[in-house]
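Working notes, beginning with the structure itself.
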Amino acid sequence: MKSVDCVTPLFSLCVPWLFLSLSIQCLLIPSYKSTDMDVHRYWKALTYSYPIQKWYTDTTSQWTLDYPPLFAWLEWFLAHLVAVVDKHLVQLDQLESTTLVDIWVMRSTVILCDLFLAHAGYLHLSVFRKHLSALSDAQLSMMFCSLILQPSLWMVDHIHFQYNGFLIACLFYASYYYRMGQSTLFLLSIAILVLLKQTFFYIVPISLFAITCQRYAQYHETSWRSFISLWIQSSLLFILFLSIGIFPWLYDWQQLKILQSRLFPFDRGLLHAYWPPHFWAVYGCLDQLLSKLTKILFPHSWIASSRNISSRGLIGIMKPFLLLPNPSPWICHAMVVLGMLPSFYDLWKSRRMLLHPIHSMEVWMRALTIVFLSSFLFGWHVHEKAILMPQFCMIVLCWMNSDWLVGLGWISTVATSCMFPLIFGCLERIVIMVWIIYPMALLYSGMENRFRIFFFFHEICTLGWVIGLPWIVQRWLPHYAFLPWMMLSGYGGMITCGVFYKVIMSTFD
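So this is what it looks like as structure tokens:
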């Protein structure tokens with residue numbers, strides 16, 4: 002074990018990587034301007050110009066506010082911050098014009114919010130250094146690097162424009178409070194997550210169960226009555242925090258109904274425009290294949306005269322499949338819940354380990370990975386960016402157990418490749434392609450020899466598919482523009498399903 006005098010301060014290990022991350026993020030500022038930047042700019046102008054009561058009722062723009070109240074408050078705060086530098090940016094009557102200064106200021110808000118991710122990672126690494134003395138400085142440095150230098154996150158946040166890094170940071174803060182046994186702050190953090198993004202509702206049941214199991218073990222309780230009592234206490238505290246967050250809308254039933262319709266618009270259809278690599282992408286590819294075969298084998302059937310609209314990349318199609326049964330939102334939710342069940346078993350089985358800062362983190366992150374993968378694979382109208390949550394959970398799992406490196410390698414490849422439809426500029430794609438090599442090289446170096454050849458072959462094939470298939474289709478099959486993304490999503494969906502199966506099976510070891 003190293004002498005205390007020779008230990009490099011953790012801050013010194015993290016700062017060079019943080020500086021590199023910030024430098025590259027700044028270089029990406031002149032990237033192409035997506036419609037998502039216009040959306041977030043409008044939300045800033047909306048919250049800056051209008052009172053709270055009009056935030057969710059305003060329909061003057063197509064970009065209506067469809068995030069929970071706390072995210073609206075975040076936009077309000079950032080709007081007042083950027084107004085000091087560029088007031089033109091948050092004026093509703095100036096939204097049509099965009100200057101280079103506007104782009105710099107908008108992207109700077111994303112970079113600012115990403116600092117929270119670096120801080121959350123630093124907190125976790127400080128716990129690892131305290132309890133795992135065998136960790137070297139190089140290992141800690143690589144752990145921090147793997148967190149903040151992820152090309153999939155950069156593609157969706159710093160090129161396309163979103164605030165996913167801030168959401169992941171909040172999730173990591175909640176996980177930090179959980180591993181430290183601070184139940185009140187943990188429940189507050191989960192409530193904040195739900196109030197920032199409604200898709201985090203999926204982690205509420207497992208969060209309440211996890212903190213109840215931890216408190217149950219902490220108090221050395223043995224009766225079910227005690228467990229139920231602790232669960233009710235945690236649930237009531239969570240509901241209190243949640244109610245405080247939506248208090249301005251609670252007293253007006255009409256406002257609450259409008260808020261509910263904005264946050265849960267089921268009429269958008271099962272599939273997003275670019276199919277994410279989930280179960281429904283595999284299901285959709287199978288439906289396409291069966292439809293084509295049926296038209297060939299039975300040219301006079303009703304299938305032959307029907308047009309399969311699922312392959313056109315449209316939003317709002319409630320019944321996208323031609324031959325296979327079309328699921329309803331409730332069936333999707335039921336499948337998500339069924340997929341989450343192994344995480345509850347894992348937490349209950351490992352409840353005695355939840356008092357240790359390292360073991361509790363591994364059990365909690367594994368449970369989160371199952372929940373996030375289940376919601377991503379089977380959820381209704383899931384976006385491709387939702388794969389970032391299980392990816393970052395698996396990054397932390399790799400910090401504690403290198404056996405997870407193979408699964409992380411698959412999920413990282415899928416996460417990066419499914420973001421490519423969001424990147425339109427040739428230069429941006431080249432930068433990302435070059436940058437992908439570094440984290441993949443880290444994963445490759447940490448794997449056992451028996452996995453390396455297969456993983457390397459898979460990486461080459463996937464990158465070739467991402468680059469070559471769209472070019473081939475555009476050159477030889479111009480009428481099938483959606484085909485490469487459909488095939489890539491189906492392929493990625495099978496990989497994601499395989500990773501999900503492996504994570505579930507690990508709970509029974």
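Under my numbering, the first residue of the sequence shown carries the number 2, and numbering increases by one thereafter. Quick reminder that beta carbons are idealized off the backbone N, C-alpha and C, glycines included. Computed from a predicted structure; not experimentally measured.
- Determine, using beta carbons only, whether L271 and H384 come nearer to each other than 8 Å. no
| message | Between which two residues does the alpha helix (DSSP H) holding F173 run? | response | 165-180
- Please name the residue in Y346, R263, S403, L324 whose C-alpha comes closest to that of W64. R263
Quiz prompt | Where the alpha helix (DSSP H) through S244 begins and ends | solution = 225-246
Neighbourhood of C146 by C-beta, 6 Å cutoff - its chain only, sequence neighbours within 5 removed: W18
Check: Looking at the unbroken alpha helix (DSSP H) that takes in I193, where does it start and where does it end?
Finding: 184-197
Excluding the 5 residues preceding and the 5 following L11 in the sequence, name in chain order all residues of the same chain whose CB lies nearer than 8 Å to its CB. Y123, L126, S127, R130, L141
_Segment limits, alpha helix (DSSP H) that includes C27_ = 11-28
Assuming the contact rule is C-beta atoms closer than 8 Å, W276 and W486 should be a hit. Round their C-beta distance to whole Å, please. 7 Å
- Task: Check the C-beta distance from S35 over to F162 and give it rounded, since I have them as a contact under 8 Å.
- Result: 5 Å
**Q.** Whether P358 touches R180 by CB criterion (8 Å)
**A.** yes
- Task: Label L168 either buried or exposed according to how many other C-beta atoms from any shown protein chain fall within 10 Å of its C-beta, with 16 as the threshold for buried.
- Result: buried
According to the Cβ coordinates, are C1 and L409 closer than 8 Å? Outside the shown range of the chain, which is 2 to 510, sits residue 1, and nothing can be said about it.
Where does W250 sit, in a helix, a strand or coil, going by DSSP? helix
Exercise. Using 10 angstroms around the beta-carbon of F201, count the other beta-carbons present and answer buried if the total reaches 16, otherwise exposed.
Key: buried
For the putative contact between S176 and M362, defined by C-beta atoms under 8 Å, what is the C-beta separation to the nearest angstrom? 7 Å
query = Can you give the Cα-Cα distance for S235 and L188, rounded to whole angstroms?
reply = 8 Å
Next item on the list: Using only alpha-carbon positions, find the residue among L133, S227, H132, K45 that is nearest to T110.
Entry: K45
Would you tell me roughly how many angstroms separate the C-alpha atoms of A274 and R353, rounded to the nearest one?
45 Å
Under a Cβ-count criterion, where at least 16 other Cβ atoms within 10 Å of its own Cβ denotes burial, should V157 be classed as buried or exposed? buried
In whole angstroms, give me the CA-to-CA distance for I204 and V372.
7 Å
Problem set entry | H81 versus K88: straight-line alpha-carbon distance, rounded | 9 Å
Between which residues of its own chain and K386 is the CB-CB distance below 7 Å, once the five residues before and five after are set aside?
V157, Q163, N165
Worksheet entry | CB-CB length for D59 against Y51, believed under 8 Å | 6 Å
message = As a quick exercise: from L96, W405, V407, V83, pick the residue whose alpha carbon is nearest that of T61.
response = L96
Open item on the list: DSSP three-state label for R353, please.
Closed with: helix
Is F322 helix, strand or coil when you go by DSSP?
coil
Q) Near N327, which residues of its chain fall below 6 Å by C-beta distance, leaving aside the five closest residues on each side in sequence? A) K320
Note to self: The alpha helix (DSSP H) that contains W365, what's its start and end?
What the structure shows: 360-379
Exercise for review: Taking W232 as the reference, give the member of L241, G246, Y502, Y217 with the closest Cα.
Suggested key: Y217
Worksheet item: By the 10 Å Cβ neighbour count, where 16 or more other Cβ atoms means buried, how is V5 classified, buried or exposed?
Response: Low confidence applies here, because V5 scores a pLDDT of 45, under 50, leaving its location unreliable; read the following figure in that light. Exposed: under 16 other Cβ atoms inside 10 Å.
Integer Cβ distance of I396 from I160, believed to fall under 8 Å = So it is not a contact: roughly 20 Å between Cβ atoms.
I'd like to know whether the C-beta atoms of C171 and L197 end up nearer to each other than 8 Å. yes
- Item | DSSP-derived helix/strand/coil call for L96 | coil
Whole-angstrom distance between L342 and L28, CA atom to CA atom: 44 Å
If I measure Cβ to Cβ from Q92 and keep anything under 7 Å in the same chain, skipping five residues before and after, which residues do I get?
A46
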